[in-house]
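Peer 1: First, the structure itself, so that you have it in front of you.
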Amino acid sequence: MKRFVIAVYVENKYGVLTRVAGMFMRKGFNIDSLTVGETDNPEYSRITITLNGDDYAGEQLINQLKKLHNVKKVKCLENDNTVERELMLIKVSNSSETRSEIMDAADIYRAKVIDYTTETICIEITGEPAKINAFIDVMKPLGIVEICRTGVVALERGGNILGK
């Protein structure tokens, strides 16, 4: 299985996201993460999708996406030429026994405490998905209360521009 990061440049219209996500469902693929947002041109949005599959499946999905109405461009981003980031908010149990370990880990991972109570600490962290996953592993034994992740956003390095 290979991990794919697919960038889809679409018209910013009602129902486009449903058509794109529905195509994955019809083909029987699970989307690992999906992020969407308006681009610098309000007429267009950019969808970033991550999923796992073999090369044949990845090629077929890209070809099917290109056929969808309202899709302007589709590109599979190469791992070695892509900048990826994700945002996560994580709430962990706060106690006198774990507080310093939580704060030290947040400092090491360059995370930011955004809410603090006597019961919980809420932390914001950004970075590559591997960094986010590693931070979760550190926090698990300390008592994770709740997690919210954005999903991957990604851009190609250098002068390549998808939407132009």
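The sequence shown maps to residues 1343 to 1506 in this note's numbering.
No residue lacks a Cβ here, since even glycine has one placed at the ideal position from N, Cα and C.
(1) With distances taken Cα to Cα, identify the nearest neighbour of F1371 among E1385, A1399, V1347 and T1381.
(2) Could you tell me the boundaries of the alpha helix (DSSP H) in which R1427 lies?
(3) Do the CB positions of K1355 and N1412 come within less than 8 Å of each other?
(4) Closest to Y1386 by C-alpha separation, out of R1427, A1349, R1345 and S1442, would be which residue?
(5) Along the chain, which unbroken stretches of the beta strand (DSSP E) at least 3 residues long are found entirely within the region 1382 to 1424?
(6) Once you ignore the five residues that flank K1454 on each side, which residues in its own chain have a CB closer than 6 Å to its CB?
(7) Apart from the five residues on each side of it in sequence, which residues of its chain come closer than 6 Å, Cβ to Cβ, to I1486?
Peer 2: So, to answer that:
(1) Here residue 1371 refers to the residue found at position 29 of the sequence shown. Of E1385, A1399, V1347 and T1381, the residue nearest in Cα terms is A1399.
(2) Within the sequence shown, residue 1427 is the residue found at index 85, counting from 1. Unbroken run through R1427 is the beta strand (DSSP E), T1424 to S1435; no alpha helix (DSSP H).
(3) On the sequence shown, position 13 is the one that residue 1355 refers to. On the sequence shown, position 70 is the one that residue 1412 refers to. Closer than 8 Å, so yes.
(4) Residue 1386 sits at position 44 when you count from the first residue of the sequence shown. Of the candidates R1427, A1349, R1345 and S1442, the one whose C-alpha sits nearest the C-alpha of Y1386 is A1349.
(5) 1386 to 1395 and 1413 to 1419
(6) The count along the sequence shown starts at 1 and reaches residue 1454 at position 112. Excluding positions up to five away in sequence, the list reads E1466.
(7) Within the sequence shown, numbered from 1, the residue matching residue 1486 stands at position 144. Counting only Cβ-Cβ distances below 6 Å, and skipping sequence neighbours, we find V1434.
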